[in-house]
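Working notes, beginning with the structure itself.
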Amino acid sequence: MHIAHTAYILLILIVLASFRAPAVLAQPDPDEAPVTAEQRLPPNPEDAAIQERLASVFAVLEPLSRIDVQVTNGVALLSGAVSNEVQAERALTLTVQIPGVVAVDDSIERRLDVQGNVSPMLETIRSRMSQWVRALPLVALAAGIFGLIVYLGYALARWTSLWQRLTTNPFLVELLGQGVRIISVVTALVVTLNLLGATALMATILGGAGVLGLAIGFAVRDTMENFICSILMSVRQPFRANDHVVINSHEGKVVRLTSRATVLMTLEGNQLRIPNATVFKAVILNYTRNPQRRFAFELGVDAADDPIAATQAGVAIMKTLPFMLTDPAPGGSIRSIGDSNIVLSFTGWIDQRETDFLRARSLAIRAVTRVLDEKGFSMPEPIYRLRFDAHRHADHLIDQLPGDVPDVKTPTDAVASHDAGEILDTRADRAIEAMVNEERAQQDKRDLLDVDRPVE
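Printed below as a string of structure tokens:
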């Protein structure tokens with residue numbers, strides 16, 4: 004019994020010893036030194052090369068010469084001092100660009116001292132001044148070449164006789180001269196910038212000029228449209244000076260065509276300027292191009308009269324008028340039947356160069372009216388039918404009318420017998436034409452209308 008109890012105690016001790024043994028084995032030796040992370044990782048042979056390269060780069064650049072570099076496992080630690088934030092950013096950028104650098108630890112001090120910031124600026128100014136002094140002969144040569152090219156271009160643009168051989172249009176002659184001037188300036192600028200080695204600046208200038216030209220083109224779109232229409236009209240020659248025209252609703256005689264507007268003299272003697280863009284797109288009625296012009300008028304005869312006989316009588320008297328053309332001959336027709344009459348239409352042709360249109364039409368109306376009256380054709384006035392509901396009331400109103408009805412006055416035989424030529428002169432009115440000629444006589448105003456060129 005005692006032996007069994009002893010064996011049980013030994014078994015418990017063995018089990019406890021087995022649990023403690025791994026813990027005892029895991030305890031380090033107190034005499035052994037601890038192992039650091041640097042000792043566990045072998046040194047990277049590239050770190051020294053990276054550190055040496057960065058140090059040599061910073062040593063070459065004077066503002067970065069006070070920066071210290073330490074590289075460990077691809078991590079670059081930058082310390083030291085620089086003048087400002089710009090130099091610090093420059094150092095960081097150079098460090099990142101070195102192959103093998105995986106990270107950068109920025110411990111650089113930004114001192115912002117006066118000497119460190121002012122001295123580089125003064126050195127830059129002195130360097131730039133020295134460069135300008137050395138470049139003065141080249142700049143003078145470039146300026147001379149620029150002036151020579153521009154002078155030759157302007158001299159060529161003033162050679163009017165040369166451009167007049169190409170075109171007789173004065174507007175196009177001036178336009179060619181302006182184009183030569185612009186081309187000479189652009190050519191001189193390109194040559195000068197190439198000589199100075201500023202081709203990048205030249206591209207910037209040309210690009211900026213293109214954008215500026217596009218913006219100006221949108222801003223002055225109406226002006227450019229009017230300018231282009233002036234060029235086209237000067238080439239097409241749509242009318243001549245002193246032509247009697249109607250442009251949209253504006254009527255008058257043409258004075259001149261300028262680079263901006265068409266100048267008319269209205270029939271009232273006023274000067275009218277119409278933008279060429281409007282004239283170019285307008286409907287133009289020209290009375291002068293064809294000297295023969297037709298007029299028309301209407302007269303009414305009684306419904307009981309013979310309209311054919313009245314028409315023949317009117318046409319016959321119109322043929323006897325001295326200002327009336329025989330070819331085309333006068334004509335007449337029945338226009339319509341009104342409420343109380345028959346409307347007759349008469350037409351006749353005149354030569355506008357010799358006969359005034361309105362006066363001729365007036366005398367033709369007078370002659371036809373007289374002959375119809377002499378032949379017994381009546382020209383009744385509109386007839387209105389009045390209805391009275393109360394006869395006694397109507398009689399009372401009639402009794403209250405004052406006086407008798409006046410007799411209708413008829414022209415005396417002396418006035419009616421006057422010849423048409425004595426009453427109204429049908430010769431063409433030259434007053435407006437004289438005003439136009441006087442206006443055109445002013446030599447200080449240019450005219451794009453060319454009598455030597457064909458009209459459109």
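To convert, note that position 149 of the sequence shown is 152 in our numbering; the numbers rise steadily by one, no gaps.
Where is the CB? At the ideal position from N, CA and C, for every residue including glycine.
What you are looking at is a predicted structure, and each value in this text was computed from that prediction instead of being measured.
So residue i packs on residue j, CB below 8 Å; how close in whole Å?
i, j, result
"residue 279", "residue 263", "7 Å"
"residue 2", "residue 300", "Only positions 4 to 459 of the chain appear in this structure, which leaves residue 2 out of reach."
"residue 370", "residue 337", "20 Å between Cβ atoms; not a contact."
"residue 83", "residue 105", "In fact, because the Cβ distance is near 21 Å, the residues do not count as touching under 8 Å."
"residue 282", "residue 265", "5 Å"
"residue 152", "residue 194", "7 Å"
"residue 330", "residue 380", "Contact flag wrong, Cβ pair sits at about 28 Å."
"residue 253", "residue 275", "6 Å"
Quick one: is residue i buried, meaning 16 or more other Cβ sit within 10 Å of its Cβ, or exposed?
i, result
"residue 90", "buried"
"residue 286", "exposed"
"residue 53", "buried"
"residue 182", "exposed"
"residue 135", "exposed"
"residue 313", "buried"
"residue 142", "exposed"
"residue 61", "buried"
"residue 163", "exposed"
"residue 132", "exposed"
"residue 172", "buried"
"residue 191", "buried"
"residue 79", "buried"
"residue 260", "buried"
"residue 359", "buried"
"residue 347", "buried"
With a threshold of 8 Å on Cβ separation, who are the neighbours of residue i within its own chain once the five nearest residues in sequence on each side are excluded?
i, result
"residue 439", "244, 245, 256, 257, 258, 268"
"residue 357", "326, 430, 431"
"residue 161", "180"
"residue 186", "156"
"residue 444", "none"
"residue 376", "382"
"residue 144", "198"
"residue 455", "171"
"residue 220", "227"
"residue 210", "none"
Quick one, are the C-beta atoms of residue i and residue j less than 8 Å apart?
i, j, result
"residue 241", "residue 459", "yes"
"residue 470", "residue 310", "Shown here, the chain extends from 4 to 459; a query on residue 470 therefore has no answer."
"residue 81", "residue 63", "no"
"residue 87", "residue 129", "no"
"residue 302", "residue 226", "no"
"residue 230", "residue 451", "no"
"residue 366", "residue 324", "yes"
"residue 69", "residue 101", "no"
"residue 249", "residue 215", "no"
"residue 374", "residue 306", "no"
"residue 95", "residue 109", "yes"
"residue 67", "residue 93", "yes"
"residue 111", "residue 85", "yes"
So, for residue i: in the same chain, excluding its five sequence neighbours on each side, which residues have a beta-carbon less than 7 Å away from its beta-carbon?
i, result
"residue 58", "72"
"residue 453", "171, 172, 240"
"residue 103", "49, 53, 77"
"residue 251", "285, 286"
"residue 176", "163, 166, 167, 170"
"residue 98", "57, 79, 81, 104, 107"
"residue 364", "298, 300"
"residue 334", "318, 350"
"residue 31", "Model confidence at residue 31 stands at a pLDDT of 47, short of 50, so the residue's coordinates are unreliable; what they give is reported in the following sentence. So the list is empty, once near-sequence residues are dropped."
"residue 339", "346"
"residue 184", "156, 157, 160"
Leaving out five residues on either side along the sequence, give the residues of the same chain with a beta carbon under 6 Å from the beta carbon of residue i.
i, result
"residue 51", "none"
"residue 457", "none"
"residue 228", "280"
"residue 123", "none"
"residue 378", "316"
"residue 203", "none"
message: Three Cβ pairs or more, each shorter than 8 Å: is that satisfied between the stretch 191-211 and the stretch 141-148?
response: Yes: the two stretches touch, three or more of their Cβ pairs being nearer than 8 Å.
query: At a cut of 8 Å, does the stretch 352-362 reach the stretch 294-308 through at least three beta carbon pairs?
result: Result yes; three or more Cβ-Cβ pairs closer than 8 Å.
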